[in-house]
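Just so it is clear: in the sequence shown, position 352 is 488 by the working numbering, and no numbers are missing.
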Amino acid sequence: MTDFKRDGSHLSSYPPVEKWDDWVELDPEAWPRRVEKHYQLVPTVCFNCESACGLLAYVDKATGQVAKFEGNPKHPASRGRLCAKGPATITQIHDPDRILYPMKRSGPRGGGKWTRTSWDEVLETFGARIRKAFRENRGEEVMYHVGRPGQDHFMDRTTQAWGIDGHNSHTNVCSSSARFGYLLWHYTDRPSPDHANARFILLLSAHLESGHYFNPHAQRIIEGKMAGAKLAVMDPRLSNTASMADYWMPSYPGTEAAVLLAMAMVILGENRFDATFVKNWTNWEELEVDGFSAKGQSFEALIEALKRHYAKFTPEFAEKESGVKAEVIVKTAREIATAGSRFASHLWRGSSSGNLGGWQTARALMLLHVLTGSVGTPGGHSLSAWNKFVPQPFSDPPPQKRWNELLYPLEWPLCTHEMSPLLPHFLKEGRGRLEAYFTRVFNPVWTYPDGFSWIEMLRDEEKVGLHAALTPTWSETAWFADYVLPMGFSSERHDLMSQESYAGRWIGFRQPVLRVLQEREGKKFDYTYQANPGEVWEEDEFWINLSWAIDPDGSMGIRQWFESPYHPGQKLTVDEYYGWMFENSVPGLPEAAAKEGLKPLEYMRKYGAYEVTTDVYKLNEKPVAAAALSGSKVEANGVVTKEGKAVGVIVDGEPVVGYNTPSRKLELFSKTMADWQWPEFALPEYYRSHIHHSAQTASMGNGEDSDPDFDKRYVPLVEWPKDSNGEVYTLMPIFRLPHLIHTRSGNSKFLYEIAHKNPLWVNPVDAQKLGGIRTGDLLKVHTEIGFFVLHAWVTEGLAPGVVACSHHMGRWRLNQEDQLERMSSAWVNLQEVGKGQWKMRQISGVESYETSDPDTKRVWWSDAGVHQNLTFPVHPDPITGMHCWHQMVRVERAGADDRYGDIFVDTNLSFAVYQRWKALTRPAPGPGGLRRPLWIPRMRRPEGAAFYVSKKA
Ligand code: SF4
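Here it is as structure tokens:
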């Protein structure tokens, strides 16, 4: 194994692998006596965010229990380092309130009465219901809905083995907007910046402290900085990341694309772009804009056309829109040009997720990479597919024949992911129902906007026949389930993971620590739950067994996909599933294992990770393989095709593989957007978000738009409820705290002790406008569908005109006595005071309590925060389908009757807001009767015929 020392870290401070079987430390609790503790160290993978860092579980040999988690130095992405959430896994596995056995509701849904049941009963019940649905051709009524996937393909395999289009994700409340901006350029929908080798790094939002791939990226951003890279951060909030920056650009939310296009204009105007790269690697010859067609024109004419098209984006204009000083825009643009191919950036949520049209931020940011030629270069922007490795299992079920319109409806033909935030509204509109619904590490009642519409859906047994919440912890959503099924934390399950966290490809192996250790000692287990606490299952085994329960005799064609590749007809085991992949699908792993006299599975159990390659730069320039070239032809646009499929493109006279776009090049001009009724967005553009200040002015009754060049067709003006008062602000509700895990850290005493409040950030200028409010004063925040009441925090760390509130806090529970994450939740009274009118009031905040863990008696905080998401309506972007999180709100001092934590929502209003946003869409069918463009990726892609609404034209 490689020791990852390039960054100068002191690997000697980690236990060497040869001592992992008996690692000795002095017991700190015995100090000043020198009492030795002996540990066995077992690698696994953290499950507390998407980064998949390597953990080392320290199992106390005296107790046989995990005593702590530290970093795995053999993991190539995290290199032995963790954020606060990794080691906090210990508090989750030892949480005295955790769910240890499968539970079945024993009263009405949502009534809070549960009895323990058996896994056999769970499998029989779900197996029979699902079998019946499949036999009656109601496959689309079976849905798996995931929050944190934590694995790379087992569920793709499962839903496709079942023959259903039933995979739903959380991506449309998370990242689908940024993904769309990237995929239009280069098919792959995730960025993979090479921060460590960059000379200039531009971060949109707080990626140093809480971004996507947070810990692996943060280490490399700092490495880049230590090697001399400059750091710029565009964020309305003075985050910890911004405080580390050379340039903080506090842009008004939603105006980031204007700043980026102004930077592009500086680079174009000063002729500091990489002309060779742009000429060779963009589809510039296809560009048509403002009456100019590049076909047959010179490259120079194209550049002039671009300069004319973007002439509006002067630094001064961008300053007026964004508040970022023109001179800073010019200076950073010049620094980016100087960095050239070593310009790295990152954008994932933030601006993209907050705003109507937020995807344009990613598209405009990529324009800077294209102009500087920093795509696929050391220190530049890379494609996730180049830095991620997903091994293939021993067999793959065929794609499903069906198309589920609850997931991919006709109104959003270009959405990157399932339209999951709209599920309650779709069911309300009568578009379908669910017979069996699995929510997995997923808490939409809390994490999604419009949570009361989710409650209305989940409690309706006509709409949702049977609901199982697969979760390691209690949640507001699990409360409304029929079954709550405990699934393991990161040291209690198998998963295979890889992420595009640096310039290299790797796999990480999550494994059930106690099972692995006991198997080393010769003990045999049929299932992981036999070694886990209580009867906590791991999901792979659950899905294997459920598939057998659905199709016990194999007659439905499902069981075959869950049979052993080594012993036909026998049930697949996790050892066989992963062992086969490690033997056959991971280049170099069998050889690396053989060198140590190990089988590949043993090697992965020993080290927990494997680096596949670091040869990942400029993969677009790879020559087309000889076999693919043979019998191929070159189309007029230079694309090399074979049997009707593109296999490469001619660049500089050579056939190279290029990108997976229609032109096989980076698509500066998107014909797809033009063909699918959005011709105004064929190029990277900026248009105003739903929370732009012009829309704010209009919402106050003054319809003046400060810049008529921007088309207001895309701005669905807010309609305020009658009784909402106060000043109008933009609310940023999605910033993350570095040490909390959405709603999954509610049972972590380490993490909740660090943070447990989410006050409203208010600039002092606005505090004066609001009547001289001070930190701690109560404010009432009105949204389009209701209000919430919380404390103010007056701070200069936020631009005036904007208020902000972290999204983690405000957990609640309906019963006082139930053991539901009591250290993080308020006990509330929830009432439906009229049809669709919901009122929540906190009865008590957090209080100390007695459990087997003496620390629960020492809980000293009382604030559980306020659940703002309940008061947000859905805002589906008409193109990407992304929920646009930012809210236009009215803020006033709370009245005499208002209490901290009060919430009111009218779901009739939220349905009306949904209808207003839906009206902005331009529905399919598209060209040829297609539901969506064939080249755009789709989760769990069905077979080709399913893509057509009507017969192919
Ligand atoms: S960044 Fe933190 S939470 Fe995420 S995987 Fe790494 S250690 Fe775990």
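All C-beta atoms, glycine included, are put in the ideal place defined by N, C-alpha and C.
For His927, the enclosing beta strand (DSSP E) covers residues 922–930.
DSSP places Pro372 in the coil class of the three-state scheme, outside both helix and strand.
Taking 8 Å as the cut-off, the beta carbon of Arg478 is found no closer than this to the beta carbon of Gly427.
At least one heavy atom of the ligand SF4 falls within 7 Å of the beta-carbon of Cys219. Here the C-alpha atom of Cys310 lies approximately 35 Å from the C-alpha atom of Tyr985. Taking 7 Å as the cut-off, one finds at least one heavy atom of the ligand SF4 near enough to the beta carbon of Ala188.
DSSP places Ser429 within a strand segment (E or B) once states are collapsed to three.
In this chain, the alpha helix (DSSP H) harbouring Ala903 covers 900–905.
Taken through DSSP and simplified to helix, strand or coil, Met740 comes out as helix. The way I'd put it, the stretch 311–329 doesn't touch the stretch 462–478; fewer than three beta-carbon pairs between them come closer than 8 Å. For Gly601, the enclosing beta strand (DSSP E) covers residues 600–607. Relative to the Cα of Phe1047, the nearest Cα in the group Glu628, Phe1008, Arg265 belongs to Phe1008.
Contact annotation: Ile403 and Ile472 have beta-carbon atoms nearer than 8 Å.
Per DSSP, Ser626 lies in no beta strand (DSSP E) segment and is marked neither H nor E.
For Asp1042, the uninterrupted beta strand (DSSP E) run begins and ends at 1039–1042, by DSSP. Under the DSSP assignment, Gln654 falls in the alpha helix (DSSP H) whose first and last residues are 649–656. The nearest non-hydrogen atom of the ligand SF4 is less than 7 Å from the C-beta of Gly222. Assignment of Thr1016 by DSSP, reduced to helix, strand and coil, places it in the coil class. With 16 or more other Cβ atoms inside 10 Å of its own Cβ, Asn419 counts as buried.
Leaving aside the five residues that flank Val760 on each side, the residues in its chain whose CB is nearer than 8 Å to its CB run, in chain order, Ser768, Val776, Val783, Gly784, Pro791, Val792, Val793. Non-local C-beta neighbours of Ala903 in its own chain, meaning closer than 8 Å and more than five positions away in sequence, comprise Ile909, Arg910, Ala928, Val930, ordered along the chain. Take the alpha-carbon of Gln433 and the one of Glu421: they are about 8 Å apart. The Cβ-Cβ distance between Trp495 and Ser341 does not fall below 8 Å.
Its chain contains Phe661, Thr664, Ala667 as the residues whose beta carbon lies nearer than 6 Å to that of Arg651, once the 5 sequence neighbours on both sides are disregarded; these appear in chain order.
When rounded, the separation of the alpha-carbon atoms in Arg252 and Asn184 is 27 Å. Within its own chain, the residues whose Cβ lies closer than 7 Å to the Cβ of Leu1006, once the five positions on either side in sequence are excluded, are Gly587, Phe588, Ile1039, Val1041, listed in chain order. For Arg695, the CB contacts under 7 Å within the same chain, skipping 5 residues up- and downstream, are Ser683, Trp684, Asp687 in chain order. When rounded, the separation of the alpha-carbon atoms in Arg356 and Ser518 is 15 Å. Distances from the CB of Asn883 to the heavy atoms of the ligand SF4 are all 7 Å or more. For Glu571, the enclosing beta strand (DSSP E) has its first and last residue at 570–576. Counting only the Cα atoms, Met633 lies some 19 Å from Ile680. Using a Cβ distance threshold of 8 Å, Trp610 and Glu957 count as a contacting pair.
For Phe409, the Cβ stays outside the 7 Å cut-off from all heavy atoms of the ligand SF4. Beyond the five residues adjoining it in sequence on each side, Ala604 comes within less than 8 Å, by CB distance, of Val258, Phe262, Ala572, Tyr573, Phe574, Thr575, Ala617, Asp618, Tyr619, Val620, Leu621 in the same chain, given in chain order. With fewer than 16 other Cβ atoms inside 10 Å of its own Cβ, Glu272 counts as exposed.
Met976 is classed as buried because its beta carbon has at least 16 other beta carbons within 10 Å across all chains shown.
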